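**Student:** Mind the numbering: the sequence shown is residues 1 to 140 in this note's numbering, read in order.
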Amino acid sequence: MGSRRKGRVIAFQAIFSWDALRPPVEDLLEYRWLDADRQEKVGADVLAFSKLIVAGTLENIESIDETIRKHTENWDIHRIAKVDLAILRISVYALRFQSEIPATVTIDEAIEIAKQFGSDESYKFVNGILDAVRRGRSTQ
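1) Less than 9 Å between the beta carbons of Leu85 and Thr106, yes or no?
2) If you drop the 5 nearest sequence neighbours on each side, which residues of the same chain put their C-beta closer than 7 Å to that of Phe16?
3) Please determine, among Ile90, Ile101, Leu28, the residue with the shortest C-alpha to C-alpha distance to Ala114.
4) What is the rounded straight-line gap between the Cα of Glu62 and the Cα of Leu28?
5) Straight-line CA distance for Phe49 to Asp76?
6) Let me know the secondary structure DSSP gives Ser119 once reduced to three states.
7) The alpha helix (DSSP H) with Ala94 in it runs from where to where?
8) If we count the other Cβ atoms within 10 Å of its Cβ and call it buried at 16 or more, is Trp18 buried or exposed?
9) Cα separation between Arg5 and Glu40?
10) Could you spell out where the alpha helix (DSSP H) holding Thr72 opens and where it closes?
11) What residue range does the alpha helix (DSSP H) around Arg8 cover?
12) Between the Cα of Val133 and the Cα atoms of Leu88, Leu47, Val9, Phe117, which residue gives the shortest distance?
13) For Ser119 and Thr104, what's the separation of their Cα atoms in angstroms?
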């Protein structure tokens, strides 16, 4: 697994945790749930990339959630599986605010994370929503 993927997985896990527990952002970004050995193993660059995603996602959470709502017709955001929602949140952040990362890379990474952590259908749902966001972005 590449270092950027590792960073995205850690960011996904942090956002998932935030949604469940709502800790202060500063506490969340300390990654206490990663023991010292694992933090050392993934490296400072991976943690820095992950922290960028988490901080940016939470800073823009209202507009990110609004984007998700806009692209999930007839589907209340509270009914979205928490794993899928965390993946969507970090990915919508990347699509909207990390223009240096190609949309195809963001979507492919989200699909792989959904396959690893989500249900059997998660990757299809995540792909559909993110592709709609991507198409909407290109027409704006």
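Every residue gets a Cβ at the ideal spot worked out from N, C-alpha and C, and that includes glycine.
Nothing here was measured: the structure is a model prediction, and the numbers come from that model.
**Tutor:** Judging by the given coordinates:
1) Locating residue 85 in the sequence shown gives position 85, counting from the first residue. Locating residue 106 in the sequence shown gives position 106, counting from the first residue. For the 9 Å CB-CB criterion, Leu85 and Thr106 do not form a contact.
2) As a working mapping, residue 16 is identified with position 16 in the sequence shown. Scanning its chain for C-beta atoms nearer than 7 Å, with the 5 sequence neighbours on each side dropped, one finds around Phe16 the residues Lys82, Val83, Ala86, in chain order.
3) Position 114 of the sequence shown, counted from the first residue, corresponds to residue 114. Put simply, of Ile90, Ile101, Leu28 the residue whose alpha carbon is nearest the alpha carbon of Ala114 is Ile90.
4) Within the sequence shown, residue 62 is the residue found at index 62, counting from 1. Within the sequence shown, residue 28 is the residue found at index 28, counting from 1. Looking at the two C-alpha atoms, the distance is approximately 18 Å.
5) Here residue 49 refers to the residue found at position 49 when the sequence shown is read from its first residue. Here residue 76 refers to the residue found at position 76 when the sequence shown is read from its first residue. Phe49 and Asp76 have their C-alpha atoms spaced approximately 30 Å apart.
6) As a first step, residue 119 is located in the sequence shown; it is residue number 119 there, counting from the start. Here Ser119 sits in coil by DSSP.
7) Here residue 94 refers to the residue found at position 94 of the sequence shown. Ala94 -> alpha helix (DSSP H) spans 82 to 97.
8) Mapped onto the sequence shown, residue 18 falls at position 18. Trp18 is buried by the Cβ-count criterion.
9) Reading the sequence shown from its first residue, position 5 is the one you call residue 5. Reading the sequence shown from its first residue, position 40 is the one you call residue 40. Rounded to whole angstroms, Arg5 and Glu40 show a C-alpha spacing of 16 Å.
10) One-based indexing of the sequence shown puts residue 72 at position 72. Counting along the chain, no alpha helix (DSSP H) covers Thr72, and no H or E run does either.
11) Here residue 8 corresponds to residue number 8 of the sequence shown, with the count starting at 1. 3 to 21 is the extent of the alpha helix (DSSP H) around Arg8.
12) Walking along the sequence shown from the start, residue 133 turns up at place 133. Closest option to Val133, Cα to Cα, is Leu88.
13) Working through the sequence shown from its first residue, we reach residue 119 at position 119. Working through the sequence shown from its first residue, we reach residue 104 at position 104. Each residue's alpha carbon lies about 22 Å from the other.
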